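Below is one structure; the comments refer to it alone.
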Ligand code: SAM
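In this note's numbering, the protein residues as written are 8 to 285.
Next comes the structure, spelled out in structure tokens:
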């Protein structure tokens with residue numbers, strides 16, 4: 008049964024088969040496109056950087072609401088389809104590139120001068136984390152990000168620090184932003200339908216974060232801690248960074264943690280303090 012609001016954008020009608028290689032699951036539920044676009048564009052003066060516009064179902068809704076949309080799509084075969092589907096809009100620019108190899112700072116400076124910008128996308132699932140981390144780590148100057156991701160990934164990205172679901176990516180996302188899950192989207196809203204439920208998440212970028220003295224070192228400690236899930240933080244960090252376990256255990260004790268603490272129980276502040284000591 009079709010979901011409410013479902014319609015019309017079908018890849019087959021264009022003679023193009025969706026490409027698994029590029030993670031193509033196109034939105035065919037206009038109600039969902041409208042809901043995502045409203046979240047992305049709270050005011051008509053805003054710019055939107057869209058990642059992976061596909062055939063333009065979401066792009067159209069963004070273009071109706073925003074001052075300008077710049078959409079980066081890797082699949083060259085989709086470009087003429089996109090151009091045709093977006094013909095009536097003069098505020099959309101399409102860039103045929105791999106977003107991971109695109110200088111997003113340059114795009115923001117050239118295309119969105121003086122505008123607040125939202126980054127948006129029904130992201131290709133095979134590179135969800137790299138795309139989000141590109142935006143966050145490179146501190147691309149967007150105000151917030153609205154992204155459709157697999158539900159399981161959304162739960163990891165938006166988990167609370169110190170909770171069972173917390174992992175290295177949770178802490179990285181939380182370091183740069185305040186994340187939350189907005190709503191779920193069922194497989195029937197896509198063509199072809201994916202095997203799993205999706206969620207739309209929103210990441211509000213922190214304008215200033217209290218940086219640890221050595222950010223790189225802190226993330227190296229976080230990665231080491233989570234690289235061996237069943238180990239205690241002391242064992243995993245010592246093994247991962249080639250340190251003496253007693254040194255790591257003593258540092259944990261010094262910051263008030265039990266040396267047998269599990270990494271998922273540790274907060275960003277704990278990791279910042281630990282990395283300053285070892
Ligand atoms: N936004 C469209 C929609 O909702 O119908 C398409 C979403 S589909 C899940 C992901 C889109 O990202 C596809 O159009 C795919 O070709 C594109 N894509 C995949 N990898 C990409 C990359 N590295 N850079 C830019 N676009 C990419």
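The C-beta atom is built at its ideal place from N, Cα and C for all residues, glycine as well.
Source: prediction; values computed, not measured.
Per DSSP, what kind of secondary structure is residue i in: helix, strand or coil?
i	result
residue 184	strand
residue 214	coil
residue 103	strand
residue 224	helix
residue 94	coil
residue 277	helix
residue 124	strand
residue 114	helix
residue 172	coil
Look at residue i and residue j and say whether their C-beta atoms are less than 8 Å apart.
i	j	result
residue 258	residue 284	yes
residue 266	residue 241	yes
residue 194	residue 186	no
residue 115	residue 145	no
residue 58	residue 106	yes
residue 183	residue 248	no
residue 229	residue 175	yes
residue 212	residue 149	yes
residue 96	residue 178	no
residue 270	residue 245	no
residue 117	residue 103	no
What residues in its chain sit with their C-beta under 6 Å from that of residue i, if we drop five residues either side in the sequence?
i	result
residue 61	33
residue 101	78 and 89
residue 135	156 and 160
residue 282	224, 225 and 228
residue 189	207 and 209
Ordered along the chain, which non-local residues of its own chain (more than five positions away) have a Cβ less than 7 Å from that of residue i?
i	result
residue 26	82
residue 74	51, 52, 53, 54, 98 and 122
residue 68	40, 41 and 44
residue 158	191, 203, 204, 205 and 206
residue 153	43, 46, 47, 125, 127, 207 and 209
residue 131	29, 30 and 59
residue 272	169
Using 10 angstroms around the beta-carbon of residue i, count the other beta-carbons present and answer buried if the total reaches 16, otherwise exposed.
i	result
residue 133	exposed
residue 313	There is simply no residue 313 to check, as the chain begins at 8 and stops at 285 in what is shown.
residue 243	buried
residue 63	buried
residue 196	buried
residue 113	exposed
Taking only heavy atoms of the ligand PLP into account, decide whether any of them is closer than 7 Å to the Cβ of residue i.
i	result
residue 190	Inclusion of the ligand PLP in the displayed structure is not the case, the ligand content consisting of the ligand SAM alone.
In the DSSP output, what is residue i paired with across the bridge?
i	result
residue 75	54
residue 198	33
residue 205	157 and 192
residue 129	155
residue 80	103
With a threshold of 8 Å on Cβ separation, who are the neighbours of residue i within its own chain once the five nearest residues in sequence on each side are excluded?
i	result
residue 141	106, 107, 111 and 147
Using a Cβ-Cβ cut-off of 8 Å, state whether residue i counts as contacting chain C.
i	result
residue 226	Absent from the structure is chain C; it holds one protein chain and no more.
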